[in-house]
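Undergrad: Quick one: the structure is below, questions incoming.
And the structure:
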């Protein structure tokens, strides 16, 4: 069958099972937009290509499927770079399709030419400049295979305009794939799994250190079985919130720079750390040399490059984390049946005492400034935790991760590794498209929101009823907090002000519902109004305390033992936190 390259592209996406693409047309990609009009694919027209990239990420986060975005050459393609880098850091499966100037013009500085494969080489799992129209089906099939297997990540396919217009011969689907340099890790080593299970059985102070890989592998059920059998507390990183229910007695919450005290302390005092799909990120470990100093380490990851990259493990296991966790549970069950359950009673009692002694703490006075923590706790209570929460980056992100009670996986979407401001609104859009029957709430800051607010227009036109809760403190809040703590309160170019723009009027101009809340007593009523809207987006301007910080906090580059609890804790409590007593080994 004779098709054009553009028709082959669209047909390949249909055969791949794609149902939606996020994009914005331009000259070089225009040939692909003609067959797109009559295809089964839903195209969502964004207002900026970065929004298309983040929407594809949000879709992938929420559904577990590959997100797809499309852009033209030059600036259209380069506007995707931030989203590609974000997806690369957070292991998000995504395929970006870009137009390119005609083949004969490549390298001539033609209008809207950019070497996008060269530009994105460091921030994609794979990319390709297609030079033959007959190659298009295989290029698309390979892109989806690479993006979704092994450690997930973004893939870019660049298509010159003449290749899209050229004739090609369509064969059968799926096409043969040739990826000689790409190998997905095989089955994990059973001996290493047995060794890990033996360490768990022997440990007296174990901690399961759970990363985003557990979410990507859909291994939450297996994780819970292992934790309960091992009687081991569980800490879920920023990327893994929801992998283990916060309501579970063994849940420690989030570790790291702004983690819960109990999670941070438990990792520091552990005699065994079992890292599951986690990468010993600097925001978790603090000063690496002082992280979990007395612990043996089991490290499970599907990416061999992560094993030993930051911390040398005692038991390295390369493989699918779901398979490994299930194997560890089987091996541990045999040890329990012959030797009894792990002896962790003293450890879990100590951990429970820390939970009681050093909880997350803030003060919300009835007639005082509205605190962002209060807003998020009320959202969690009013929704029963049954929402997909998407955040931007900064103080509001940490408050959301700390104070929303997560009960299930794929209910928390955020930019972790890259820390991309402007992520929330377009990612929430993608999540709502992927899970149209679910409540999607974007928790954003006033700084983040203004970077991608234009996608509200897309949401309004597409009738996507996302809720955008702006924690409006008039500052780039996290930067202000660092300037307060580490730069002698020299607030250099960090104040945004609360007057411009008027977020209620801005929301209404975009065809959304706009609300404002300034008092703690009004939070529930305003949230009820926002949650009741079902046909268009809702934006709520929460005027929150402009000097509220995020605590606990481990200063960057310092050991986790130097955790600062925050102003609500007394000096005696702070001293007790850094001189904690635990059971003897």
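Residue numbers (the working numbering): 17 to 601.
All C-beta atoms in this analysis are idealised placements derived from N, C-alpha and C, irrespective of residue type, glycine included.
Can you tell me which of the three DSSP states residue 193 falls into?
TA: coil
Undergrad: Would you kindly report the start and end of the unbroken beta strand (DSSP E) that includes residue 332?
TA: 331 to 334
Undergrad: Please confirm whether residue 522 and residue 530 have their CB atoms less than 9 Å apart.
TA: yes
Undergrad: Rounded to whole angstroms, how far is the Cβ of residue 204 from the Cβ of residue 164, which I believe are closer than 8 Å?
TA: 20 Å between Cβ atoms; not a contact.
Undergrad: Could you tell me which of 337, 256 and 25 sits nearest to residue 319, measuring between CA atoms?
TA: For the residues 337, 256 and 25, the minimum Cα distance to residue 319 belongs to 337.
Undergrad: Rounded to the nearest angstrom, what separates residue 236 and residue 124 at their Cα positions?
TA: 51 Å
Undergrad: From the DSSP secondary-structure annotation, give me the bridge partner or partners of residue 252.
TA: 226
Undergrad: Given a threshold of 16 other Cβ atoms within 10 Å of its Cβ, counted over all protein chains shown, does residue 458 qualify as buried or as exposed?
TA: buried
Undergrad: Taking the alpha-carbon positions, what's the residue 296 to residue 183 distance?
TA: 49 Å
Undergrad: Helix, strand or coil for residue 489 per DSSP?
TA: coil
Undergrad: Under three-state DSSP, which class holds residue 363?
TA: Three-state DSSP puts residue 363 in a helix.
Undergrad: Counting only the same chain and skipping the five closest in sequence on each side, list residues whose C-beta sits under 6 Å from that of residue 144.
TA: 155 and 173
Undergrad: Our contact map puts residue 74 next to residue 442 with C-beta atoms below 8 Å; I'd like the distance itself, whole angstroms only.
TA: Indeed, because the Cβ distance is near 7 Å, the residues count as touching under 8 Å.
Undergrad: Which residue comes first and which comes last in the alpha helix (DSSP H) that contains residue 125?
TA: It is not in any alpha helix (DSSP H) - residue 125 carries neither H nor E in the DSSP assignment.
Undergrad: To the nearest angstrom, how far is the alpha carbon of residue 435 from that of residue 301?
TA: 17 Å
Undergrad: Look at the alpha carbon of residue 227 and the alpha carbon of residue 450, and state the distance between them as a whole number of angstroms.
TA: The alpha-carbon atoms of residue 227 and residue 450 are separated by roughly 23 Å.
Undergrad: For the candidate residues 99, 212 and 23, whose alpha-carbon lies nearest to that of residue 150?
TA: Minimum Cα-Cα distance from residue 150 among the listed residues 99, 212 and 23 corresponds to 23.
Undergrad: Look at the alpha carbon of residue 62 and the alpha carbon of residue 162, and state the distance between them as a whole number of angstroms.
TA: 26 Å
Undergrad: Hey, would you say residue 392 sits closer than 9 Å to residue 444, going by beta carbons?
TA: no
Undergrad: Can you say whether residue 232 is buried or exposed, counting buried as having 16 or more other CB atoms within 10 angstroms of its CB?
TA: buried
Undergrad: Pop quiz: residue 316 and residue 291 are said to be a contact at Cβ under 8 Å. What is the actual Cβ separation, rounded to whole angstroms?
TA: Indeed, because the Cβ distance is near 7 Å, the residues count as touching under 8 Å.
Undergrad: Can you find at least 3 beta carbon pairs, one from the segment 464 to 472 and one from the segment 494 to 508, that sit closer than 8 Å?
TA: In short, these stretches do not touch, since the Cβ pair count stays below three.
Undergrad: Under 8 Å Cβ to Cβ from residue 20, same chain only, skipping five residues before and after it: list those, please.
TA: 47, 51, 149, 180, 181, 182, 183 and 184
Undergrad: Which whole-angstrom value is the C-beta distance of residue 111 and residue 84, which I expect to be below 8 Å?
TA: About 5 Å; that satisfies the 8 Å criterion.
Undergrad: Using DSSP with H/G/I as helix, E/B as strand and the rest coil, what is residue 459?
TA: strand
Undergrad: Grouping DSSP H, G and I as helix and E and B as strand, with all else coil, what is residue 185?
TA: The answer is strand: DSSP assigns residue 185 an E or B state.
Undergrad: Is the beta carbon of residue 368 less than 9 Å from the beta carbon of residue 265?
TA: yes
Undergrad: Could you give the uninterrupted runs of the beta strand (DSSP E) lying entirely in the segment 18 to 102, keeping only those of 3 residues or more?
TA: Unbroken beta strand (DSSP E) stretches of 3 residues or longer found wholly inside the segment 18 to 102: 18 to 20, 36 to 39, 58 to 61 and 83 to 87, given in chain order.
Undergrad: Name, in chain order, the residues that DSSP records as bridge partners for residue 291.
TA: 225 and 315
Undergrad: Cα separation between residue 377 and residue 528?
TA: One C-alpha to the other measures close to 34 Å.
Undergrad: Do the segment 192 to 203 and the segment 246 to 266 meet, that is, are 3 or more Cβ pairs less than 8 Å apart?
TA: no
Undergrad: Flag this pair as touching only if the segment 237 to 247 and the segment 269 to 283 have three or more C-beta atom pairs under 8 Å; answer yes or no.
TA: Using a Cβ-Cβ distance cut-off of 8 Å, the segment 237 to 247 and the segment 269 to 283 are not in contact, since fewer than three pairs of beta carbons, one from each stretch, lie closer than that value.
Undergrad: Would residue 386 be called buried (16 or more neighbouring beta carbons within 10 Å of its own) or exposed?
TA: buried
Undergrad: For residue 510 versus residue 555, is the C-beta distance shorter than 9 Å?
TA: no
Undergrad: Going by beta carbon distance, what residues of the same chain come within less than 6 Å of residue 157, once the five residues before and after it are set aside?
TA: 190, 191 and 193
Undergrad: So for residue 267, helix, strand or coil by DSSP?
TA: strand
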